[in-house]
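Colleague:
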Amino acid sequence: MSRDNYEVIIGLEVHAELSTKTKIFCSCPTEFGAAPNTHVCPICMAMPGTLPVLNEKVVEYAVKAGLATNCEISRDSKNDRKNYFYPDLPKAYQISQFDKPLCEHGYVEIDTDEGKKKIRLTRIHIEEDAGKLNHDDFGGGSLVDLNRAGVPLIEIVSEPDIRSSEEAEKYLRKLKSILEYIEVSDCKMQEGSLRADVNVSVRKKGDTKLGTRTEMKNMNSFKSITRAIEYEVDRQIDVLEDGGIIEQETLRWDDVSGKTFPMRDKEDAQDYRYFPDPDLVAIKLSEEYIENIKKSLPELPESRKQRYLEEYKLSEKDANIITSSKYLSDLFEGAIKICNNPKAVNNWIISDISRILNETEMEPIEIPFDSKQLAKLVMLIDKGTISSSIAKKVLVEMFEHPRDPEDIIDEKGWVQISDEGAIKDVVLKVLEANPQSVADYKGGKDKALGYLVGQAMKETRGKANPQMLNKMFLEELKK
Ligand code: ADP
Ligand code: ZN
Ligand code: MG
223 MSRDNYEVII GLEVHAELST KTKIFCSCPT EFGAAPNTHV CPICMAMPGT LPVLNEKVVE
283 YAVKAGLATN CEISRDSKND RKNYFYPDLP KAYQISQFDK PLCEHGYVEI DTDEGKKKIR
343 LTRIHIEEDA GKLNHDDFGG GSLVDLNRAG VPLIEIVSEP DIRSSEEAEK YLRKLKSILE
403 YIEVSDCKMQ EGSLRADVNV SVRKKGDTKL GTRTEMKNMN SFKSITRAIE YEVDRQIDVL
463 EDGGIIEQET LRWDDVSGKT FPMRDKEDAQ DYRYFPDPDL VAIKLSEEYI ENIKKSLPEL
523 PESRKQRYLE EYKLSEKDAN IITSSKYLSD LFEGAIKICN NPKAVNNWII SDISRILNET
583 EMEPIEIPFD SKQLAKLVML IDKGTISSSI AKKVLVEMFE HPRDPEDIID EKGWVQISDE
643 GAIKDVVLKV LEANPQSVAD YKGGKDKALG YLVGQAMKET RGKANPQMLN KMFLEELKK
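Heads up: the sequence shown is residues 223 to 701, going by the working numbering.
Structure follows, in structure tokens:
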């Protein structure tokens with residue numbers, strides 16, 4: 223039997239670190255990248271006798287995320303202890319939410335070949351992150367860094383509605399863009415601000431019961447999520463086709479070998495002995511509180527997209543790419559406010575900028591220049607200071623050694639030659655060196671003109687003004 227006889231079922235549990243200034247139950251900073259154990263206090267180090275106090279911003283951000291993903295917001299919610307021992311979890315329990323999460327029953331819409339599809343969200347709850355173990359290559363031991371302990375997280379749990387690795391990627395990208403737009407998380411996947419546990423099962427087409435799933439934890443790149451799902455689906459089908467059964471287990475994806483490996487048997491909720499945290503009060507939200515957050519929600523990607531289609535006449539495809547990321551979308555809007563050339567800014571983002579991001583595996587948030595600098599680049603072309611081929615080189619420089627496009631052009635001596643005398647010199651030189659092309663052109667081969675212009679460009683290392691070159695060649699050839 224082939225893979226076509228099976229249906230793939232995927233559900234994601236996505237963890238997003240909230241971008242609050244301080245941790246969830248103490249006032250330590252959440253900032254990433256500090257020296258180990260410098261952002262800690264007795265509360266997040268779990269000293270006996272300390273008391274957690276819930277950071278109100280965490281509730282606000284989680285409610286924001288819930289509203290932006292069409293969830294119902296619980297008026298009455300609470301924190302629970304999830305008990306397990308792990309060396310980077312000094313309390314030996316994690317404060318999370320069990321039976322009364324803040325948000326429930328939402329959905330996120332993705333575009334598929336068959337049209338729009340809703341991926342339902344089971345819940346969004348708040349919890350604290352654990353610390354981090356650094357495995358010491360020299361001493362041979364493991365060192366614990368508690369800076370991350372107590373950084374606030376939301377966990378967004380989807381229903382098993384996802385049917386392929388492409389849908390999983392689309393869902394995750396959509397979720398990421400929503401969280402970026404509402405500014406509750408920076409979603410930097412390389413820093414682990416956004417990571418997903420990927421649950422995968424397969425079943426024979428037509429079956430109504432779900433198959434046994436395996437779970438791959440803490441995945442933080444789109445590429446490895448796609449590869450891991452593809453691998454795991456094939457593996458499970460092979461096992462079933464050989465008459466075996468799938469064990470419910472937690473797997474580790476290894477990017478180098480491109481395989482999954484068993485990590486541990488799957489725990490059940492009962493293994494965690496959840497109970498309400500006695501140190502924290504219930505979370506009661508008023509209608510007014512929720513209403514105010516609703517009013518504070520910014521424009522979401524879908525609505526920006528509609529606006530781009532109408533106001534700037536972007537194509538559906540381009541509008542999708544730009545609004546898929548808040549950073550690209552802000553770059554776009556910021557730049558056109560300054561240079562007033564939506565078409566050119568759109569082209570830069572869709573073609574050259576997207577290509578460089580792809581090639582360098584950079585996320586839009588890492589773009590090292592701002593909308594003002596992009597606008598300047600566009601204006602330099604509009605004014606004829608540089609040609610568009612030079613502008614492409616300037617853009618590469620802006621990525622590699624970020625500075626103002628004007629400075630780059632000055633330093634490199636890339637200003638376009640628009641001086642009539644200088645252009646004429648080049649044209650005459652090229653005409654003299656290429657008598658055959660001149661004869662071809664005069665004999666009716668229009669293409670020869672393009673060749674001559676190309677030669678003149680080569681001669682000036684791309685700096686000659688192309689319109690002036692064209693005009694001047696035509697004048698000379700008519701003589
Ligand atoms: P936990 O993993 O914490 O025990 P759940 O039982 O709530 O939590 O399920 C977690 C995730 O697994 C959810 O996103 C859900 O959609 C997904 N899931 C559940 N059953 C399956 C299945 N048979 N195949 C694929 N995904 C599943
Ligand atoms: Zn602390
Ligand atoms: Mg899970």
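Just so you know, even glycine gets a beta-carbon here, dropped at the ideal spot from N, CA and C.
1) Return the residue from the list K605, I451, P590 that minimises the CA-CA distance to H623.
2) Does S593 come out as helix, strand or coil in the three-state DSSP assignment?
3) In chain order, which continuous runs of the beta strand (DSSP E) of length 3 or greater are located wholly inside the stretch 390 to 440?
4) With a Cβ-Cβ cutoff of 7 Å, do L343 and S380 count as a contact?
5) How many angstroms separate the CA atom of S508 from the CA atom of F497?
6) For the stretch 641 to 656 and the stretch 592 to 610, state whether three or more C-beta atom pairs, one from each stretch, are separated by less than 8 Å.
7) Is the stretch 259 to 271 touching the stretch 369 to 378 in the sense that three or more CB pairs, one from each, lie closer than 8 Å?
8) Specify the secondary structure class of M485 as computed by DSSP and reduced to three states.
9) For E377 and S224, I'd like the C-alpha separation in whole angstroms.
10) Exposed or buried, F554, counting other C-beta atoms within 10 Å across all chains shown (16 or more means buried)?
11) What's the C-alpha gap between R425 and T472?
12) At a threshold of 6 Å, does V379 count as lining the ligand ADP (C-beta to nearest heavy atom)?
13) Just to confirm my understanding: we take N421, look at its own chain, exclude 5 residues before and 5 after, and list those with CB closer than 6 Å. What are they?
14) F320 to D335, Cα distance in whole Å?
15) Who are the near neighbours of A450 in its chain, counting only those whose CB is closer than 7 Å to its CB and skipping five residues on each side?
16) Do the stretch 656 to 670 and the stretch 615 to 633 meet, that is, are 3 or more Cβ pairs less than 8 Å apart?
17) So does P631 have its beta carbon nearer than 6 Å to some heavy atom of the ligand ZN?
18) Quick one: is I705 buried, meaning 16 or more other Cβ sit within 10 Å of its Cβ, or exposed?
19) Would you say P586 and S537 are within 7 Å of each other, going by their C-beta atoms?
20) Let me know if E350 comes out buried or exposed under the rule of 16 or more other beta-carbons within 10 Å of its beta-carbon.
21) Under 6 Å from any heavy atom of the ligand ZN, by CB: list those residues in chain order, please.
22) Rounded to a whole number of angstroms, what is the C-alpha to C-alpha distance between R683 and Q689?
23) Locate the alpha helix (DSSP H) running through I631, then write down its first and last residues.
24) Is DSSP giving E621 helix, strand or coil here?
25) Hey, S593 and D408: beta-carbon distance below 7 Å or not?
26) Could I get the ranges of all uninterrupted alpha helix (DSSP H) runs contained in the stretch 517 to 595, with 4 residues as the minimum, in chain order?
27) Return yes when at least one heavy atom of the ligand ADP lies under 6 Å from the C-beta of Q457, else no.
28) Considering just the uninterrupted stretch of the beta strand (DSSP E) at R474, what are its terminal residues?
29) As an exercise, report each continuous beta strand (DSSP E) stretch of at least 3 residues that is fully enclosed by the stretch 235 to 267, in chain order.
30) Relative to the C-alpha of C293, which residue among K279, V280, E326 is closest?
31) Determine the closest residue to C250 out of I265, I512, E239, A238, with distance taken between C-alpha atoms.
32) Count the other CB atoms, across all protein chains shown, that sit within 10 Å of the CB of P270; report buried if there are 16 or more and exposed otherwise.
33) Over what stretch of residues does the beta strand (DSSP E) that includes L304 continue unbroken?
34) So, A238 versus L416, is the Cβ gap smaller than 7 Å?
35) How about I571 and L599: do their beta carbons lie closer than 7 Å?
36) Compute the minimum distance between the beta carbon of L343 and the heavy atoms of the ligand ADP, and state whether it is under 6 Å.
Modeller: So, from the listed chains and residues:
1) Mapped onto the sequence shown, residue 623 falls at position 401. That would be P590, whose Cα lies nearest to the Cα of H623.
2) Here residue 593 refers to the residue found at position 371 when the sequence shown is read from its first residue. The answer is helix: DSSP assigns S593 an H, G or I state.
3) 416 to 426
4) Counted from its first residue, the sequence shown places residue 343 at position 121. Counted from its first residue, the sequence shown places residue 380 at position 158. Yes; because the gap between Cβ atoms is below 7 Å, this pair is in contact.
5) Position 286 of the sequence shown, counted from the start, is the residue given in the question as residue 508. Position 275 of the sequence shown, counted from the start, is the residue given in the question as residue 497. Approximately 25 Å between the Cα atoms of the pair.
6) no
7) yes
8) Position 263 of the sequence shown, counted from the start, is the residue given in the question as residue 485. The answer is strand: DSSP assigns M485 an E or B state.
9) Locating residue 377 in the sequence shown gives position 155, counting from the first residue. Locating residue 224 in the sequence shown gives position 2, counting from the first residue. Note on geometry: alpha-carbon atoms of E377 and S224 lie some 36 Å from one another.
10) Counting from one through the sequence shown, the residue named residue 554 turns up at place 332. By the neighbour-count rule (16 or more Cβ atoms within 10 Å), F554 is buried.
11) Position 203 of the sequence shown, counted from the first residue, corresponds to residue 425. Position 250 of the sequence shown, counted from the first residue, corresponds to residue 472. Each residue's alpha carbon lies about 19 Å from the other.
12) Taking the sequence shown and counting its residues from 1, one reaches residue 379 at position 157. Yes, the beta carbon of V379 sits closer than 6 Å to at least one heavy atom of the ligand ADP.
13) Locating residue 421 in the sequence shown gives position 199, counting from the first residue. The answer, listed in chain order, is G233, R435, E437.
14) Counting from 1 along the sequence shown, the entry for residue 320 is found at position 98. Counting from 1 along the sequence shown, the entry for residue 335 is found at position 113. Distance between the alpha carbons of F320 and D335: 36 Å.
15) What you label residue 450 is simply residue 228 of the sequence shown in a count that begins at 1. Same-chain partners within the cutoff: V420, M438, M441, W475, T482.
16) No contact exists between the stretch 656 to 670 and the stretch 615 to 633.
17) Indexing the sequence shown from 1 puts residue 631 at position 409. The sequence shown places Ile at residue 631, not Pro. No, the beta carbon of I631 sits no closer than 6 Å to any heavy atom of the ligand ZN.
18) In the structure as shown, the chain begins at 223 and stops at 701. Residue 705 is therefore absent and cannot be evaluated.
19) Start at 1 with the first residue of the sequence shown, and residue 586 comes out as number 364. Start at 1 with the first residue of the sequence shown, and residue 537 comes out as number 315. Cβ distance not < 7 Å, so P586 and S537 don't count as in contact.
20) In the sequence shown, the residue the question calls residue 350 occupies position 128. Residue burial is scored here from C-beta neighbours: E350 has at least 16 other C-beta atoms within 10 angstroms and is therefore classed as buried.
21) K245, C248, C250, V262, C263, I265, C266, G372
22) On the sequence shown, position 461 is the one that residue 683 refers to. On the sequence shown, position 467 is the one that residue 689 refers to. C-alpha separation (whole angstroms): 16 Å.
23) To locate residue 631, count along the sequence shown from 1; it is residue 409. Element bounds for I631: 627 to 634.
24) For the purposes of this step, residue 621 is taken as residue 399 along the sequence shown, with counting starting at 1. What sits at residue 621 in the sequence shown is Phe, not Glu. It is helical.
25) As a working note, residue 593 is residue 371 in the sequence shown. As a working note, residue 408 is residue 186 in the sequence shown. No.
26) 523 to 533, 538 to 545, 548 to 561, 564 to 570, 576 to 582
27) Position 235 of the sequence shown, counted from the first residue, corresponds to residue 457. Inspection of the sequence shows that residue 457 is occupied by Arg rather than by Gln. For the ligand ADP, not one heavy atom lies less than 6 Å from the Cβ of R457.
28) Here residue 474 refers to the residue found at position 252 of the sequence shown. Element bounds for R474: 471 to 476.
29) none
30) The residue you call residue 293 lines up with position 71 of the sequence shown. Comparing Cα-Cα distances from C293 to each of K279, V280, E326, the minimum goes to E326.
31) Taking the first residue of the sequence shown as 1, we reach residue 250 at position 28. It is I265.
32) Numbered from 1 along the sequence shown, position 48 holds the residue referred to as residue 270. P270 is exposed by the Cβ-count criterion.
33) Within the sequence shown, the letter at position 82 stands for residue 304. Contrary to the premise, residue 304 reads as Lys rather than Leu in this sequence. Taken as a continuous stretch (DSSP letters only), the beta strand (DSSP E) holding K304 covers 302 to 305.
34) The residue given as residue 238 occupies position 16 in the sequence shown. The residue given as residue 416 occupies position 194 in the sequence shown. L416 is positioned such that its CB atom lies closer than 7 Å to that of A238.
35) Here residue 571 is taken as the residue at index 349 of the sequence shown, counted from 1. Here residue 599 is taken as the residue at index 377 of the sequence shown, counted from 1. No.
36) For the purposes of this step, residue 343 is taken as the residue at position 121 of the sequence shown. Because no heavy atom of the ligand ADP lies under 6 Å away, the Cβ of L343 does not count as near it: no.
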